[in-house]
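Below: one structure, written as structure tokens.
In the numbering used here, the protein residues as written are 1 to 488.
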């Protein structure tokens, strides 16, 4: 019976992760191609100006919907619940747009750049637009139908890339990225409604709204703090180092984020509704929590180390020496993203147990460490490289703390938790040694050839050493992936 539960959990989780990952990374491939083109067409300053808008919208994302998405997944599936969620979400989206439009001049003053006013005002159009399709997408996640969720997400990335590149070619500069974002959101809403043709009625239940907001409030507080954590570096850099430094840091951050942080987010989205369905079976929930840590580590460890080790040939091959300053940033952020991905699963565990406030407390602790550390790094070194490594150091400290708290609260041995990382860590260290040695031998080759060879050798060493540690683990994962692709 226990074996069947393990298998079922693994299949549901990996199936959901597969389709979500395919969705995001089909989209990210399109974004990556467009980023290469935009990096050659636009200046570092252009990337920095758009960075202002992304900083603001990252904070507003926490408020958008007032945590209604997770609340809708958590609550029972009733028509009035969805209707109430829709109208709440629409009201919040319009409210955020109006308030940000009014506040935009103050944002421009903070960054000492009047260009921030226009790009922020335009970018926040995404909130009233996306509100029309949020419930349609959330329902797909709640029903674990991640294959259908694939369609609007890829449509968003495709439209964003095409619009941004075309407008950049036409000479619109930083506005090309802003318009790409806004138009893509509209396209995504249209496609989401085609895939899941749910329509709201004029029902609004105050008791349901109160219940959803009570649950969602903790999520909003947590997301606000998390966004402050995730964007404190941008806030400091944009304020004190200017648009060019922000542009370089933004591009350097984007690559690890595209691969690792997004993977962690996907797993978190997939695993939260799965955990919720198990919340009345503490033993199964605890067992599968530790199991999922191992699955995540087997992917994130080689990706994180690989990105850090191949940062130089990667940048030189795709972005040219124009962006050489981004190389050390990519290395530091790759380690940060690796650590963040390893520990993020604990957040879904807390939320599924109905204890999102624990995440809030842990986030406050992390914030209390990060803010003074960032201020010190910038005031003393005035370096985006120092900022990247501060992020990595704080992610390690806070991640270990999160796992220790989870272990004590839910009676899981910390050593059992850490042991889940052992197979990936051993193989990752051996892989890193092989890649470093190879890159030294072929240092005179073309950067693209260096990159291809490093990826191939790294993959062979990692998979080979993982197989030697436990062949059955590879067979199990391969079998689940085959069934996932066939069965969807």
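Positions of the beta carbon are idealized from the N, C-alpha and C atoms, including for glycine. Model, not experiment: these values are computed from the prediction.
Cβ neighbours of residue 450 within its own chain (closer than 7 Å, five residues either side excluded): 313, 439, 442.
For residue 243, same chain residues with a beta-carbon under 7 Å away, outside a window of 5 residues either side, are 45, 48, 49, 113 in chain order.
Assignment of residue 124 by DSSP, reduced to helix, strand and coil, places it in the coil class. Burial of residue 35 is indicated by the presence of at least 16 other C-beta atoms within 10 angstroms of its C-beta. In this structure, the beta-carbon distance from residue 151 to residue 195 falls below 7 Å.
Only exposed fits residue 415, as fewer than 16 other CB atoms lie within 10 angstroms of its CB. Per the coordinates, the alpha-carbon of residue 420 lies some 5 Å from the alpha-carbon of residue 294. Apart from sequence neighbours up to five positions away, the residues of its chain that approach residue 108 with a beta-carbon distance below 7 Å are 114, 116, 117, ordered along the chain. Between residue 180 and residue 160, the gap from beta carbon to beta carbon is short of 7 Å. If you draw a 10 Å sphere on the C-beta of residue 233, you find 16 or more other C-beta atoms in it, and that means buried.
Secondary structure remark: continuous alpha helix (DSSP H) runs of at least 4 residues inside the region 350-436, in chain order: 356-381, 384-409, 414-419.
The region 449-468 and the region 299-318 touch, with three or more beta-carbon pairs separated by less than 8 Å. In the three-state reduction of the DSSP assignment, residue 197 falls in the coil class.
As the crow flies, the alpha-carbon of residue 87 is around 17 Å from that of residue 220. A check of alpha carbon separations from residue 303 across 360, 459, 393 identifies 459 as the nearest. DSSP places residue 252 in the helix class (H, G or I) of the three-state scheme.
Remark: C-beta atoms of residue 111 and residue 238 approach each other more closely than 7 Å.
Excluding its 5 nearest sequence neighbours in each direction, residue 188 has C-beta neighbours in its own chain below 8 Å: 130, 133, 152, 153, 155, 156, 159, listed in chain order. CA-CA distance, residue 176 to residue 208, rounds to 41 Å. Per DSSP, residue 442 lies in no alpha helix (DSSP H) segment and is marked neither H nor E.
When the alpha-carbon of residue 121 is set against those of 337, 372, 57, 82, the nearest one is in 57. The alpha carbon of residue 166 has as its nearest neighbour, out of 429, 41, 386, the alpha carbon of 41. Here residue 377 has 386, 387, 390 as same chain residues with Cβ atoms under 6 Å from its own Cβ, once five neighbours each way along the sequence are excluded. Between the region 247-267 and the region 324-343 there are three or more C-beta pairs closer than 8 Å, enough to call the two in contact. Its chain contains 297, 298, 301 as the residues whose beta carbon lies nearer than 6 Å to that of residue 424, once the 5 sequence neighbours on both sides are disregarded; these appear in chain order.
Secondary structure at residue 26: helix, using DSSP grouped into helix, strand and coil.
For the 7 Å CB-CB criterion, residue 330 and residue 252 form a contact.
Sequence-distant Cβ neighbours of residue 136 in its own chain, meaning closer than 6 Å and more than five residues away, are 192, 193, 196, 198. Annotation: the continuous alpha helix (DSSP H) that includes residue 316 extends over 311-318.
In the DSSP assignment, residue 61 falls within the alpha helix (DSSP H) that extends over 44-63. With contacts defined by Cβ atoms closer than 7 Å, residue 359 and residue 396 do not form a contacting pair.
Distance from the Cα of residue 291 is smallest, within the candidate group 345, 434, 202, for 345. Residue 409 has its alpha-carbon roughly 24 Å from the corresponding atom of residue 224. Separation of residue 183 and residue 174 (C-alpha to C-alpha, rounded to the nearest whole angstrom) is 15 Å. Taking C-beta separations shorter than 8 Å and ignoring five residues to either side along the sequence, the partners of residue 436 in its chain run 309, following chain order. Within the same chain, Cβ atoms closer than 6 Å to the Cβ of residue 336 are found at 391, 392, 395, the five residues on either side in sequence being excluded.
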